[in-house]
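A.B. asks:
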Amino acid sequence: IKQPQKGLFGALVIEPQGATVAEDTIVADGQGSGGAECAADPTLPGCTRPTRAQVSVSATAGDAGSGGDYRETVLIAHKITNLRWADGSAIKNVAQAEFGVEGAEDSGHAGFNYGMEPPWFRFGLPPDADFGHANAPGTYGDLPNPQAMYSNALVEGTDNAIPAIPNVSEAGDPQTPVFRAQRDATNSNSVFDTRMFVLNGASADRDSTYILHGHVWQ
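If you want the numbering used here, it's the 1-based position in the sequence shown plus 99.
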């Protein structure tokens, strides 16, 4: 019953026959030594780590959409996660006081690849803040800057914000994965294909929708 909240998860990706995989991506380690220390010296232990969730693949080109050179990323969603504060106490459910959310389908929190950056945390609200309305202090409805939800500036400079690390991260990047594609070095008007595997190994009954903004996809 508690496997989704506390279990391990992973993914196995089968590449084209004969393909080579370059584990060439370094990311900021959200469990590392903290923003201030890593901003001053990114080489400190725990500031960065390699990842296999985004790699570069080279394979013999085959039928349309098969083989060739491409970036590959894996995104695993996980819900009903049992979050804890640093002292070990449980973090309350989102909008816990709202009517009708006491069921299991609304319990816990959600993240991606073991990383979380929930709205209540980014906006400095308690996790069980009401949705509320304008002029209702301490609620989502009274936020003066909801448009900043995805802005790095919202958390940049806070104690545990990811710092700017050359070729790794931008200041204020979220704890959730930031996938990076690259242009073809031989043709400035071309980009490598990027293939994204989007998985959800454990979830509650509430559905989710994956959205990719600003890119051509198929």
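Every residue gets a Cβ at the ideal spot worked out from N, C-alpha and C, and that includes glycine.
1) Is the shortest distance between the beta-carbon of D306 and the beta-carbons of chain B less than 8 Å?
2) With distance defined between alpha-carbon atoms, name the residue in P265, G271, D162, R294 nearest to F278.
3) Quick one: Cα of L242 to Cα of A139, how far?
4) Taking its Cβ as the centre, do 16 or more other Cβ atoms sit within 10 Å of H314, making it buried, or is it exposed?
5) Could you tell me the alpha carbon to alpha carbon distance between A209 and A189, rounded to whole angstroms?
6) Taking only the alpha-carbon atoms, compute the straight-line gap between F222 and S165 and give it to the nearest angstrom.
7) Are T147 and I113 close, meaning C-beta to C-beta below 8 Å?
8) Grouping DSSP H, G and I as helix and E and B as strand, with all else coil, what is Y309?
9) Curious, which full-length beta strand (DSSP E) runs of at least 3 residues does the segment 203-279 contain?
10) Pairing CB atoms from the segment 298-306 with CB atoms from the segment 166-181, are three or more of them under 8 Å?
C.D. replies: Based on what the coordinates show:
1) The structure shown contains no chain B; it is built from a single protein chain.
2) Here residue 278 refers to the residue found at position 179 when the sequence shown is read from its first residue. Ranking P265, G271, D162, R294 by Cα distance to F278 puts R294 first.
3) Along the sequence shown, one-based indexing puts residue 242 at 143. Along the sequence shown, one-based indexing puts residue 139 at 40. Cα-Cα distance, rounded: 33 Å.
4) Residue 314 sits at position 215 when you count from the first residue of the sequence shown. Exposed, because fewer than 16 other Cβ atoms sit within 10 Å of the Cβ of H314.
5) Counting from one through the sequence shown, the residue named residue 209 turns up at place 110. Counting from one through the sequence shown, the residue named residue 189 turns up at place 90. Looking at the two C-alpha atoms, the distance is approximately 15 Å.
6) For the purposes of this step, residue 222 is identified with residue 123 of the sequence shown, where counting begins at 1. For the purposes of this step, residue 165 is identified with residue 66 of the sequence shown, where counting begins at 1. Roughly 43 Å separates the two Cα atoms.
7) Translated into the one-based positions of the sequence shown, residue 147 becomes position 48. Translated into the one-based positions of the sequence shown, residue 113 becomes position 14. Against a cut-off of 8 Å, the Cβ pair of I113 and T147 comes out as no contact.
8) Locating residue 309 in the sequence shown gives position 210, counting from the first residue. DSSP places Y309 in coil when its eight states are reduced to three.
9) 208-211
10) yes
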